[in-house]
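Visitor:
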Amino acid sequence: MRLVSPLQNSFIPATTGLRQGDPLSPYLFVLCMERLGHMIQAEVSAGIWEPYQINSDGPPISHLFFVDDVLIFAKAKPAQIRRVVVVLEKFCTTSGLKVNIQKSKALASRGVPTRRKNKITSITHINFTNELGKYLGFQMVQGRVSNRTFAEVMSKVQQRTCEKLDAISQKFIRSGSDSHRMHLVKWDKITQGRKDGGLGVRVARFPNTPLLGKLIWDLLSHPTKLWVQVIFSKYRVYNVTSLLQLSSSYFLRSLRKAYDSLQPGFQLQLGN
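Count the sequence shown with UniProt numbering and you get residues 1 to 272, in order.
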């Protein structure tokens, strides 16, 4: 290993590997995953690896990386799966990493017959499942989203949670320990910004709007992002105005509400 700085230019012999928790460990892992991504992309570009597409106009998706987890997409064909195995084995040989078969799962669409699934399992030694389970505490959804999908989350976060949080803030600011004290200032005034004469107290439901606003900003300004391309191809529209006119899902309706709230602050700015 070589250190390069204005004051030092020397070699340090590396005698041991990096342990879990080492500050350098995530960086090295990202570099390794970047190499795997290049290997997969080379296969896709050569037409050997057939990626997944939502429809004929959708972006091809062959892999997704997040931290130390990998999602690989390919056609459910034995020849394709053998090619996936070859790429992974080559990557493991060059990097020294290994695939944890016990923690790996395979998921196929409903149209894939059981006989083909068994054939794929014999190639990869990875068992198929009908449910991917949770990731970072949230359910991995396959298929149409319904109220039942997020039943567990909704049982923890009730509809009136924001109202209860606001009520606690009101009681603390207005009354303190005396619950019978007269309210001299309206709550709407207290929640205004300090420059407008308020205290800048945050209304609990408002932070969700700027979070959705970040998604709207991506839709408007970053059309090349993968998730933006997937959304446009899924609903077969190619501009934000047409997309927000749809109301076929809770996601789109939420975006519409956030867009209507933020639109008064939009300004037209001419570039060079």
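C-beta atoms are modelled at their ideal positions from N, C-alpha and C, and glycine is treated no differently. Keep in mind that this is a model prediction, so the values were computed, not measured.
By Cβ distance, which residues of its chain are closer than 7 Å to residue 87, with the 5 residues on each side in sequence left out?
Guide: Start at 1 with the first residue of the sequence shown, and residue 87 comes out as number 87. Same-chain partners within the cutoff: 39, 40, 43.
Visitor: Determine the burial state of residue 217: buried for a count of at least 16 other Cβ atoms within 10 Å of its Cβ, exposed for fewer.
Guide: Looking up residue 217 in the sequence shown gives position 217. Residue 217 should be labelled exposed.
Visitor: Output the distance between the C-alpha atoms of residue 233 and residue 219, rounded to the nearest integer angstrom.
Guide: Locating residue 233 in the sequence shown gives position 233, counting from the first residue. Locating residue 219 in the sequence shown gives position 219, counting from the first residue. When rounded, the distance between both Cα atoms is 13 Å.
Visitor: Per DSSP, residue 106 is paired with what?
Guide: Mapped onto the sequence shown, residue 106 falls at position 106. Note: residue 106 sits in a beta bridge opposite 128.
Visitor: In terms of alpha-carbon separation, which member of 128, 226, 229 lies closest to residue 275?
Guide: Because residue 275 is not part of the residues shown, which for the chain are 1 to 272, the question remains open.
Visitor: Quick one: grab the DSSP three-state call for residue 63.
Guide: By 1-based counting over the sequence shown, the position of residue 63 is 63. Looking at residue 63 - three-state DSSP - the assignment turns out to be strand.
Visitor: Anyone know if the C-beta pair for residue 59 and residue 226 falls short of 8 Å?
Guide: Numbered from its first residue, the sequence shown carries residue 59 at position 59. Numbered from its first residue, the sequence shown carries residue 226 at position 226. Cβ atoms of residue 59 and residue 226: closer than 8 Å.
Visitor: If you run the structure through DSSP and keep just helix, strand and coil, what is residue 135?
Guide: As a position in the sequence shown, residue 135 is number 135, starting the count at 1. Note: residue 135 maps to strand in three-state DSSP.
Visitor: Under a Cβ-count criterion, where at least 16 other Cβ atoms within 10 Å of its own Cβ denotes burial, should residue 31 be classed as buried or exposed?
Guide: Here residue 31 refers to the residue found at position 31 when the sequence shown is read from its first residue. Classification for residue 31: exposed.
Visitor: Please determine, among 77, 140, 92, 130, the residue with the shortest C-alpha to C-alpha distance to residue 122.
Guide: On the sequence shown, position 122 is the one that residue 122 refers to. Ranking 77, 140, 92, 130 by Cα distance to residue 122 puts 77 first.
Visitor: Would you list the residues sitting across from residue 69 in a DSSP beta bridge?
Guide: As a position in the sequence shown, residue 69 is number 69, starting the count at 1. Partner(s): 66.
Visitor: Taking the beta carbon of residue 125 as the centre, do at least 16 other beta carbons fall within 10 Å, making it buried, or is it exposed?
Guide: Counting from one through the sequence shown, the residue named residue 125 turns up at place 125. It is exposed - the Cβ of residue 125 has fewer than 16 other Cβ atoms within 10 Å.
Visitor: Keeping to the same chain, check which residues put their C-beta closer than 7 Å to that of residue 117; ignore five residues upstream and five downstream.
Guide: Locating residue 117 in the sequence shown gives position 117, counting from the first residue. Hits under 7 Å: 108, 128.
Visitor: With distance defined between alpha-carbon atoms, name the residue in 63, 67, 69, 68 nearest to residue 75.
Guide: Position 75 of the sequence shown, counting from 1, holds the residue named residue 75. Nearest of 63, 67, 69, 68 to residue 75, Cα basis: 63.
Visitor: From which residue to which residue does the alpha helix (DSSP H) around residue 230 run?
Guide: The sequence position of residue 230 within the sequence shown is 230, counting from 1. 226-235 is the span of the alpha helix (DSSP H), which, as asked, contains residue 230.
Visitor: Residue range of the alpha helix (DSSP H) that residue 21 falls in?
Guide: One-based indexing of the sequence shown puts residue 21 at position 21. No alpha helix (DSSP H) holds residue 21; DSSP gives it neither H nor E.
Visitor: Where does residue 238 sit, in a helix, a strand or coil, going by DSSP?
Guide: For the purposes of this step, residue 238 is identified with residue 238 of the sequence shown, where counting begins at 1. The answer is coil: DSSP assigns residue 238 none of H, G, I, E or B.
Visitor: For residue 52, which residues does DSSP report across the bridge?
Guide: Your numbering for residue 52 matches position 52 in the sequence shown. Paired residues: 61.
Visitor: Looking only at C-alpha atoms, which of 89, 253, 195 sits nearest to residue 101?
Guide: For the purposes of this step, residue 101 is taken as residue 101 along the sequence shown, with counting starting at 1. Among 89, 253, 195, the Cα nearest to that of residue 101 is on 89.
Visitor: Buried or exposed for residue 48, going by 16 or more other Cβ atoms inside 10 Å?
Guide: As a working mapping, residue 48 is identified with position 48 in the sequence shown. By the neighbour-count rule (16 or more Cβ atoms within 10 Å), residue 48 is not buried but exposed.
Visitor: Reducing DSSP to helix, strand and coil, say where residue 86 ends up.
Guide: The count along the sequence shown starts at 1 and reaches residue 86 at position 86. Three-state result, residue 86: helix.
Visitor: Measure the alpha-carbon distance for residue 65 versus residue 27 and round it to whole angstroms.
Guide: Reading the sequence shown from its first residue, position 65 is the one you call residue 65. Reading the sequence shown from its first residue, position 27 is the one you call residue 27. Going by the C-alpha atoms only, they are around 14 Å apart.
Visitor: Using 10 angstroms around the beta-carbon of residue 214, count the other beta-carbons present and answer buried if the total reaches 16, otherwise exposed.
Guide: For this step, residue 214 is matched to residue 214 along the sequence shown. Residue 214 should be labelled exposed.
Visitor: Using 10 angstroms around the beta-carbon of residue 258, count the other beta-carbons present and answer buried if the total reaches 16, otherwise exposed.
Guide: By 1-based counting over the sequence shown, the position of residue 258 is 258. Burial call: buried.
Visitor: What three-state label does DSSP hand residue 3 in the structure shown?
Guide: As a first step, residue 3 must be located in the sequence shown, where it is residue number 3. Summary for residue 3: the model assigns pLDDT 46, below 50, so the residue's position carries little reliability; its value from the coordinates is reported in the next sentence. Residue 3 falls in the strand class under three-state DSSP.
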